[in-house]
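First the structure, in the form of structure tokens, and then the observations on it.
Number of protein chains: 2
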Amino acid sequence: MVKQERAARTRQALVRAAAEVFARDGFVMASLSSISKKAGVSNGALHFHFESKQALARAVADEAAAIVRTLAAPARSGAADPLQRLVDATHALMGRLEHDVVLRAGFELGTGSPRRSDSPDLRGQWQMWVEGVLKDAEREGALAADVSAADACVAVVAATVGFEQLGAQDRTWRSPATLVQFWDLLLPRLASAQTLRALVSGGTPAAAPERT
Amino acid sequence: MVKQERAARTRQALVRAAAEVFARDGFVMASLSSISKKAGVSNGALHFHFESKQALARAVADEAAAIVRTLAAPARSGAADPLQRLVDATHALMGRLEHDVVLRAGFELGTGSPRRSDSPDLRGQWQMWVEGVLKDAEREGALAADVSAADACVAVVAATVGFEQLGAQDRTWRSPATLVQFWDLLLPRLASAQTLRALVSGGTPAAAPERT
Numbered sequence: 019m020v021k022q023e024r025a026a027r028t029r030q031a032l033v034r035a036a037a038e039v040f041a042r043d044g045f046v047m048a049s050l051s052s053i054s055k056k057a058g059v060s061n062g063a064l065h066f067h068f069e070s071k072q073a074l075a076r077a078v079a080d081e082a083a084a085i086v087r088t089l090a091a092p093a094r095s096g097a098a099d100p101l102q103r104l105v106d107a108t109h110a111l112m113g114r115l116e117h118d119v120v121l122r123a124g125f126e127l128g129t130g131s132p133r134r135s136d137s138p139d140l141r142g143q144w145q146m147w148v149e150g151v152l153k154d155a156e157r158e159g160a161l162a163a164d165v166s167a168a169d170a171c172v173a174v175v176a177a178t179v180g181f182e183q184l185g186a187q188d189r190t191w192r193s194p195a196t197l198v199q200f201w202d203l204l205l206p207r208l209a210s211a212q213t214l215r216a217l218v219s220g221g222t223p224a225a226a227p228e229r230t
Numbered sequence: 019m020v021k022q023e024r025a026a027r028t029r030q031a032l033v034r035a036a037a038e039v040f041a042r043d044g045f046v047m048a049s050l051s052s053i054s055k056k057a058g059v060s061n062g063a064l065h066f067h068f069e070s071k072q073a074l075a076r077a078v079a080d081e082a083a084a085i086v087r088t089l090a091a092p093a094r095s096g097a098a099d100p101l102q103r104l105v106d107a108t109h110a111l112m113g114r115l116e117h118d119v120v121l122r123a124g125f126e127l128g129t130g131s132p133r134r135s136d137s138p139d140l141r142g143q144w145q146m147w148v149e150g151v152l153k154d155a156e157r158e159g160a161l162a163a164d165v166s167a168a169d170a171c172v173a174v175v176a177a178t179v180g181f182e183q184l185g186a187q188d189r190t191w192r193s194p195a196t197l198v199q200f201w202d203l204l205l206p207r208l209a210s211a212q213t214l215r216a217l218v219s220g221g222t223p224a225a226a227p228e229r230t
């Protein structure tokens, strides 16, 4: 293995180990030595890659932000109806939260008051994406006549942040079954009658890989 | 002032000061000396009332739990429709979160992973109350025919936890206007046609005092 490749792997192992330790102990109590131990590297190697715990937190949050961008990428779901893309993205997000500690730690690092201001704001990023897709739905006439994108955004963003938070203590909250209950309730109110017939509250195959 | 009364006041000042310091610095970083200083009492007085920071956190969480019980008291809204009681309770909860640091700190202490297990679970308490009032609504025929109390509970609990969380960084999320948007969206789906006509998404006067 060439040197550069080995360095990239070590860095990646440190980011993952940091996410696990942050998720278990919280940022404040997490120690650099637990992180290097979990990553199977020396303290020296840790300091070669990251100058501080703050720098590690930043790397975890950046990687989590990249994951959210991938999950919510507009290209991803191609021609699908915007509301279906929204449903799919919530399934993909909850599925990924379930099995990816980096994403969980990234959201966790962004909470608490005051939020660490140098971390990317994952919830803000998610909210902007939801707003965008709901505006697409509004423009395409996929929303019910008496529902605005802004109203729908309030309910969807608040509920998904709730699922993420509640799921940290009880995984049922981010299960596919809970999301289906939510969408079965909400979609008949959000969608125009014509759009509603084609929507699948359990998500379409585009969202499925994240659930494996 | 008799001695007992003075002791009760000191204890109360310490609980409020602890809530303020927990909300500002987080539980882990909060120092007992900042708390006694903010309460205007000596360290000795603090230790007379509370043996540890953990004991202070427990007192904050207990007081927050008592506030939630009061806000959600079934007797409170008397004969009102269960769905109106639910709308009113969400307005009362968000209004109180806005101006009561003890309630905010109580919710905050219950989050994070792992949750401190000896604190009362405020979200669990809120969820049980929401479940109960939605079951009342179901029994009284106030829900739409194709909506179950369980489905409604998922959406309402997740969204209110989301409002609480998002509101910690941006107060707009727990404003009356945001709640009205949410209920205007959700109630036409939740309520039977007959019930819907009487519902006020902005809350009835029973909820108003908490907004002052």
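The listed protein sequences derive, respectively, from chains X and R. Using this note's numbering, the first residue of the first sequence is number 19, and each one after it goes up by one. Using this note's numbering, the first residue of the second sequence is number 19, and each one after it goes up by one. C-beta: ideal position from N, C-alpha, C; glycine also.
Per DSSP, what kind of secondary structure is A209 (chain R) in: helix, strand or coil?
strand
Closer than 8 Å, Cβ to Cβ, to anything on chain R: give me those residues from the segment 79-113 of chain X, in chain order.
none
Partner residues on chain R for F200 (chain X), Cβ-Cβ distance less than 9 Å
D169, V172, A173, A176
Chain-order list of residues whose beta-carbon lies under 6 Å from that of L104 (chain R) (same chain, five-residue window excluded)
V151
Please identify the residue among X:A75, X:A209, X:P100 whose C-alpha is closest to the C-alpha of A162 (chain X).
X:A209
Can you confirm whether E23 (chain R), when its beta carbon is compared against all beta carbons of chain X, has any partner nearer than 9 Å?
no
Which residues share a DSSP beta bridge with L161 (chain R)?
R:A209
Thinking V175 (chain R) and G124 (chain R) are a contact (beta carbons under 8 Å), I'd like their distance in whole angstroms, please.
Incorrect: roughly 17 Å between the Cβ atoms, too far for contact.
Under three-state DSSP, which class holds V59 (chain X)?
coil
Are any of the Cβ atoms in chain X nearer than 9 Å to that of M146 (chain R)?
no
Cutting at 7 Å between CB atoms, please list the residues of its own chain near A48 (chain X), excluding the five before and the five after it.
V39, F40, K71
Can the beta-carbon of V86 (chain R) be found closer than 9 Å to that of L111 (chain R)?
yes
To the nearest angstrom, report how far apart E182 (chain X) and G142 (chain X) are at their CA atoms.
14 Å
Does the contact criterion of 3 or more C-beta pairs under 8 Å hold for the segment 54-68 of chain R versus the segment 26-39 of chain R?
yes
What's the gap between the Cα of L140 (chain R) and the Cα of A82 (chain R)?
8 Å
Determine whether the beta carbon atoms of H109 (chain X) and L217 (chain X) lie at a separation below 9 Å.
no
Give, in chain order, every residue of the segment 205-221 of chain X whose Cβ lies closer than 9 Å to some Cβ of chain R.
P206, R207, L208
Compare the C-beta of L184 (chain R) with all C-beta atoms of chain X and state if any pair is closer than 9 Å.
yes
Backbone CA spacing between S219 (chain X) and V172 (chain R) [nearest angstrom]
15 Å
Please list, in chain order, the chain X residues whose beta carbon lies closer than 9 Å to that of L74 (chain R).
Within 9 Å Cβ-Cβ: nothing; L74 (chain R) doesn't reach chain X, min ~17 Å.
Please report the residue range of the alpha helix (DSSP H) in which V120 (chain X) lies.
119-127
Run through DSSP, which three-state label would L184 (chain R) get?
helix
Could you confirm whether any beta carbon from chain X is found closer than 9 Å to the beta carbon of V179 (chain R)?
yes
Can you name the start and end residues of the alpha helix (DSSP H) that R29 (chain X) belongs to?
21-43
Using a C-beta cutoff of 9 Å, does G150 (chain R) count as contacting chain X?
no
To the nearest angstrom, report how far apart A37 (chain R) and A211 (chain X) are at their CA atoms.
49 Å
Determine the closest residue to R189 (chain X) out of X:R34, X:R122, X:D80, with distance taken between C-alpha atoms.
X:R122
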